[in-house]
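Position one of the sequence shown corresponds to residue 7 (the numbering used here), numbered consecutively onward. Single-structure report; data block below.
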Amino acid sequence: MPSARSLFAILMLAMLPAACAPAPVDNAPAEQTLRYRMPEDPPSLDPFLTGDDNSSVYHYLIFDGLVEYVPGSLEVRPAVAESWTVSPDNLTYTFKLRKGVRFHNGREVVADDVRYSILRALSKKIHSEKSYFFASVKGADDYWAGRTQDLPGVVAPDPRTVIITLSHPYEKFLTILAGEAGSILPKEVYDDPARAYVKHPVGCGPFRYDAYEPTVSLTLARFADHWKGVAPRGAITKIIFRFIPDSSTAFQEYRTGGLDFTQEIPPQQREKVLKEMPADVHNSTRLSILFVGFNHGAAPFRNNRLLRQAILHAIDRDYIVRVLQEGKDVVASGIIPPGMLGHDPNRTAFAYDPNLASRLLAEAGYPDGKGLPELVYASNQTRGFSLVADRIQSDLSRIGVKVRIKMSDFLAFLAAMQSGKADAAAGSLFRMTWYADWPDPDNFLATPFITGGQGNYGLYTNPEFDQMMEKARSEPDRAKREQLYREGERMLLEDAALVPIYWYGQDVLLKPEFTGMKLSQLGTFGIAWEEVVRRK
């Protein structure tokens, strides 16, 4: 439960909307275009139907919520809601909406739109990926399960008031509303049986959909009637997302003037780029982890912890970070990243020990790999991920484990991950990058590992862990809650539910004439491009 001091700070922040939004400057700016590299086409522009890192970039620009993150931080400030209050028991949030906020189709945003959007985020009918985000809302479980058509935890008593009641205190609830799960959608657009919104999304964010050419580009234009008012002189008026799969090709485009922003330095080029282009490079830590997941739903990893432990100790993660990632990232000693509640700085990383791995492999019933079928390692195709896959294949071969690498384009990889089938084309092992949908350990432990969890692509199941996560989510005491998450993390690691590889750092390249960009620990989708200006 938040302290009296932290609650007072939240309430004071909520009551000062005018000081939070950037002040309008001069008249509408001349056209300023940002050319932004994306590896591939978006799986969907519906904020409730995808959860990948790249799609979130579009969602944060097209859609606004009641609140938003302060650029470059994890603090929350008013957005569509001009203010809010929290009840003394930390269960009821009352939001007051700004007047005159408009969707891209011109209609004014009202409280019923907020309620509709949360109901849609919880919808089982559309297979929403955001239902778990609102698990703390009163009545959410019954609504999601179809036991009721009502959601008592969200009401709109008048056009400018939204009241959200939780079933238990949850200190990070505002950060959920600040993310893409809190996107506000117009009902008349997203209830369209023809699903026109798939090709033409409509939100109330700072940028609106403009054009899309599959495999080539997607363009967003500045929304002139956005609630923040007239853009500063030199502000970005158009963002052209160019789809360039290969990071080396994208880097050459950046150097020759075809791109203004790219979120990736090509593998084995980091040291050179840092030396030659220091004014272009921006870096920061990130709440994100890359791990190797197991297919727990089928042999050989189902119910075979010794085999999973053998794989864990056979992978040289230090080499991956030090050589392949050129020191950008940090070897992960656990799951919860540094800077997040529950992170244990005293936890020791698992040792790279091929001899121990061989002994564990024998104890698992596969001495020197004999009798073990060829494993399939699945990942989407990027140069960096390919280098990691090659190294893992090489490391496992040293203990007699044969691995076939299966690379696919991102959409195919994502579809395999989301199939929910033990025999899916995802493989026996898979590469997974997990980032903070919201900055809380619940998102890093419960979402990807509870039984039936929306991000549980490895089909892991552990009733004791499930109970621990349920208890942690509803625990009002912060210190006790942190201890529960640390205990849950320990359970996963001892069970070798995954192989943590590294916690991400992030490097991006931005042309020096653009100023005001603030990197977020959430990742590139947390950048407030509406506040970036281009100097002439």
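A virtual CB, placed ideally from N, CA and C, is assigned to each residue, including glycine. Here the structure is a predicted model, which means the values were calculated and not measured.
Per-residue DSSP class, three states only, for residue i
i	result
residue 386	strand
residue 289	strand
residue 489	helix
residue 526	strand
residue 453	helix
residue 81	coil
residue 97	coil
residue 466	coil
residue 205	coil
residue 155	coil
residue 445	coil
residue 510	strand
residue 411	strand
residue 299	strand
residue 163	strand
residue 440	strand
residue 102	strand
residue 114	strand
residue 392	helix
residue 150	helix
residue 23	Because residue 23 sits at a pLDDT of 41, beneath the cut-off of 50, its placement in the model cannot be relied upon, and the following sentence gives the value as read from the coordinates. Helix.
residue 216	strand
residue 278	helix
residue 86	coil
Beta-carbon separation (whole angstroms), residue i vs residue j, contact threshold 8 Å
i	j	result
residue 5	residue 450	Given that the chain is displayed from residue 7 to residue 542, the structure contains no residue 5 and the question cannot be resolved.
residue 171	residue 159	5 Å
residue 408	residue 381	7 Å
residue 43	residue 250	5 Å
residue 508	residue 323	7 Å
residue 289	residue 511	6 Å
residue 180	residue 115	Between residue 115 and residue 180 the Cβ distance is about 19 Å, and since that is not below 8 Å, they are no contact.
Nearest candidate by alpha-carbon position, reference residue i, set the options
i	options	result
residue 328	416, 352, 393 and 433	393
residue 459	54, 99 and 139	139
residue 234	165, 254, 443 and 86	86
residue 330	236, 389 and 310	389
residue 526	461, 445 and 243	445
residue 513	273, 128 and 146	273
residue 229	101, 67, 496 and 293	67
residue 279	257, 110, 71 and 262	257
residue 165	157, 105, 476 and 65	105
residue 184	477, 443 and 174	443
residue 107	350, 175 and 192	192
residue 440	189, 175 and 292	292
residue 391	94, 438 and 345	438
Residue i versus residue j - alpha carbon distance
i	j	result
residue 491	residue 474	8 Å
residue 376	residue 501	23 Å
residue 401	residue 363	11 Å
residue 212	residue 404	53 Å
residue 312	residue 48	39 Å
residue 220	residue 163	43 Å
residue 33	residue 241	At residue 33, the pLDDT of 46 sits below 50, so the modelled position is not reliable and the matter cannot be decided from this model.
residue 430	residue 479	Residue confidence for residue 430 is low, a pLDDT of 47 falling below 50, so the modelled location carries little weight; the figure read from the coordinates is stated next. Each residue's alpha carbon lies about 31 Å from the other.
residue 297	residue 239	43 Å
residue 543	residue 75	Limits of the chain in this structure are 7 at one end and 542 at the other, which puts residue 543 out of reach.
residue 424	residue 386	14 Å
residue 489	residue 271	37 Å
residue 216	residue 248	14 Å
residue 253	residue 45	8 Å
residue 134	residue 187	10 Å
residue 245	residue 120	27 Å
residue 196	residue 71	16 Å
residue 88	residue 98	17 Å
residue 535	residue 435	37 Å
residue 347	residue 199	42 Å
residue 383	residue 38	43 Å
residue 21	residue 182	Caution applies to residue 21, whose pLDDT of 39 falls short of 50 and renders its modelled position unreliable; the value that the coordinates give is listed next. Computed Cα separation, rounded: 20 Å.
residue 202	residue 416	24 Å
residue 77	residue 309	45 Å
residue 498	residue 447	13 Å
residue 494	residue 469	12 Å
residue 84	residue 189	14 Å
residue 505	residue 457	18 Å
residue 339	residue 103	43 Å
Residue i: CB within 7 Å of a non-hydrogen atom of the ligand COA
i	result
residue 160	In the structure on display, the ligand COA does not appear, and there are no ligands present to speak of.
Query raised in the report: For the region 255 to 270 against the region 311 to 323, are there 3 or more C-beta pairs whose distance is under 8 Å?
Result: With the cut-off at 8 Å, the region 255 to 270 and the region 311 to 323 do not touch.
Query raised in the report: If we count Cβ pairs, one from each stretch, closer than 8 Å, do we get three or more for the region 282 to 300 versus the region 513 to 520?
Result: The answer is yes - the region 513 to 520 touches the region 282 to 300, with three or more Cβ pairs under 8 Å.
Report task. Please confirm if the region 141 to 160 is in contact with the region 121 to 131, defined as three or more CB-CB distances below 8 Å between the two stretches. Result -> Cβ pair count under 8 Å is three or more, so yes.
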